[in-house]
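**Q** Position in the sequence shown (first residue = 1) + 208 = my numbering.
Glycine residues also receive a C-beta, built at the ideal position from the N, C-alpha and C atoms.
Got a structure for you, questions after.
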Amino acid sequence: MTYELDQGAGAGLRLGLILLSTDETLEYEARQVLAGREVNLLHTRIPARADVTPEDLATMAGEMTATAALLPQGLDGVAYACTSGATIIGPDRVEALVQMAHPGVPVTNPLSSVVAALGELGMSRIAMVTPYVEEVTGPMREALAAHGVETVSEFSFGQKEDRTVARITEASTRRAIVEAARKPGVEAVFTSCTNLRTFGILDAAEAELGLPVISSNSALMWRLLTLAGQPAIGWGPGRLFGREAA
Numbered sequence: 209m210t211y212e213l214d215q216g217a218g219a220g221l222r223l224g225l226i227l228l229s230t231d232e233t234l235e236y237e238a239r240q241v242l243a244g245r246e247v248n249l250l251h252t253r254i255p256a257r258a259d260v261t262p263e264d265l266a267t268m269a270g271e272m273t274a275t276a277a278l279l280p281q282g283l284d285g286v287a288y289a290c291t292s293g294a295t296i297i298g299p300d301r302v303e304a305l306v307q308m309a310h311p312g313v314p315v316t317n318p319l320s321s322v323v324a325a326l327g328e329l330g331m332s333r334i335a336m337v338t339p340y341v342e343e344v345t346g347p348m349r350e351a352l353a354a355h356g357v358e359t360v361s362e363f364s365f366g367q368k369e370d371r372t373v374a375r376i377t378e379a380s381t382r383r384a385i386v387e388a389a390r391k392p393g394v395e396a397v398f399t400s401c402t403n404l405r406t407f408g409i410l411d412a413a414e415a416e417l418g419l420p421v422i423s424s425n426s427a428l429m430w431r432l433l434t435l436a437g438q439p440a441i442g443w444g445p446g447r448l449f450g451r452e453a454a
């Protein structure tokens, strides 16, 4: 039989995602952004320890290039999906390690994506909600500050076990968002961690507060798509994807 060739699944838009072996949330939320779209999101998982501490997060650097190499070639963009990991390892080092396997391919991560998202929205003073212990939130505040983002309010669940983070209810996170946003001067709220569920509450939280609310996952998917040349207006939750509060 003769056959024909095309650009493959996703009509040629192929994106790579490096997930933590402990992540149970990002794939679920990413599917909501891409449902019905001609995008092929290809996943691989990097070995990650159960606890989210600086020492445990740093171990992923040694696995980054080999894990990225498990993704097919010819991608339009790659995302390393760990906010705290990118903070500890450093976004520039993450990019260099991934590009050793995928030369010239745009690379992002949640930390860089949030900075880009806040810039897109014209916001620089944030309330931050995290599940982390202070040993992780401290370096994250400093990393954001280095890019001109001031954390004026912060709430944390103080949790270091990633499996527990994936089970924190969206209602709990929404309460933390609202409380964190009460401090005067807050322009936007950032909920950090790809394993923390938020897509079911972002629109409602924005409507209640009258402020943009960005999560690690919404920022990461938005940035990955825009780096690949897809504006993705209306694809995901919140003002970042061009939705106005109801």
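Skipping 5 residues on each side, what residues in its chain have a beta carbon closer than 6 Å to that of residue 246?
**A** Here the set comprises 218, 219.
**Q** Going by C-alpha to C-alpha distance, which of 268, 448, 277 sits closest to residue 296?
**A** If we check each option's Cα against that of residue 296, 268 comes out closest.
**Q** Please give the ranges of any beta strand (DSSP E) in the region 209-248, keeping only runs that are unbroken, at least 3 residues long and fully inside the region.
**A** Counting whole runs of 3 or more residues, the region 209-248 contains the beta strand (DSSP E) stretches 222-228.
**Q** Taking 8 Å as the cut-off, decide whether the C-beta atoms of residue 348 and residue 400 are in contact.
**A** Contact flag set, yes.
**Q** For residue 367, count neighbouring C-beta atoms within 10 Å of its own C-beta (all shown protein chains included) and say buried if the count is 16 or more, exposed if not.
**A** Buried.
**Q** Measure the alpha-carbon distance for residue 270 versus residue 416 and round it to whole angstroms.
**A** Each residue's alpha carbon lies about 43 Å from the other.
**Q** Quick check on this structure: which residue in 303, 438, 307 has the alpha carbon closest to the alpha carbon of residue 280?
**A** The shortest Cα separation from residue 280 among 303, 438, 307 belongs to 307.
**Q** Of the choices 320, 250, 284, 438, whose alpha-carbon is the least far from that of residue 301?
**A** Residue 301 has its Cα closest to that of 320, out of 320, 250, 284, 438.
**Q** Closer than 7 Å by C-beta to residue 221: which residues in its own chain qualify, once you throw out the five before and the five after it? Chain order, please.
**A** 246, 247, 248, 284, 436, 438.
**Q** Use the C-beta contact count for residue 254: other C-beta atoms within 10 angstroms, 16 or more gives buried, fewer gives exposed.
**A** Residue 254 should be labelled buried.
**Q** Using the C-alpha atoms, what's the distance from residue 287 back to residue 431?
**A** Distance between the alpha carbons of residue 431 and residue 287: 9 Å.
**Q** Based on the DSSP output, what are the partners of residue 458 in its beta bridges?
**A** The chain is shown from 209 up to 454; residue 458 falls before or after that span and cannot be answered.
**Q** Relative to the alpha-carbon of residue 223, which residue among 213, 238, 371, 419 has its alpha-carbon at the smallest distance?
**A** For residue 223, the nearest C-alpha among the options comes from 238.
**Q** Nearest CA to the CA of residue 397: which residue from 418, 374, 229?
**A** Comparing Cα-Cα distances from residue 397 to each of 418, 374, 229, the minimum goes to 418.
**Q** How many Å lie between residue 356 and residue 213 at the Cα?
**A** Spanning the two alpha carbons is a distance of roughly 48 Å.
**Q** Identify the continuous beta strand (DSSP E) that holds residue 306 and give its terminal residues.
**A** No beta strand (DSSP E) contains residue 306, which is instead part of the alpha helix (DSSP H) from 299-307.
**Q** Please give me, in chain order, every unbroken run of the beta strand (DSSP E) with length at least 3 that falls completely inside the region 250-315.
**A** Counting whole runs of 3 or more residues, the region 250-315 contains the beta strand (DSSP E) stretches 285-288.
**Q** Roughly how many angstroms separate the alpha carbons of residue 329 and residue 228, rounded to a whole number?
**A** About 28 Å.
**Q** Is the shortest distance between the beta-carbon of residue 442 and the beta-carbons of chain B less than 8 Å?
**A** Here chain B cannot be found, since the structure has a single protein chain.
**Q** If you follow the alpha helix (DSSP H) that residue 360 is part of, which residue opens it and which one closes it?
**A** No alpha helix (DSSP H) holds residue 360; the beta strand (DSSP E) holding it covers 358-364.
**Q** Do the region 357-366 and the region 332-349 touch if we need at least three Cβ pairs shorter than 8 Å?
**A** With the cut-off at 8 Å, the region 357-366 and the region 332-349 touch.
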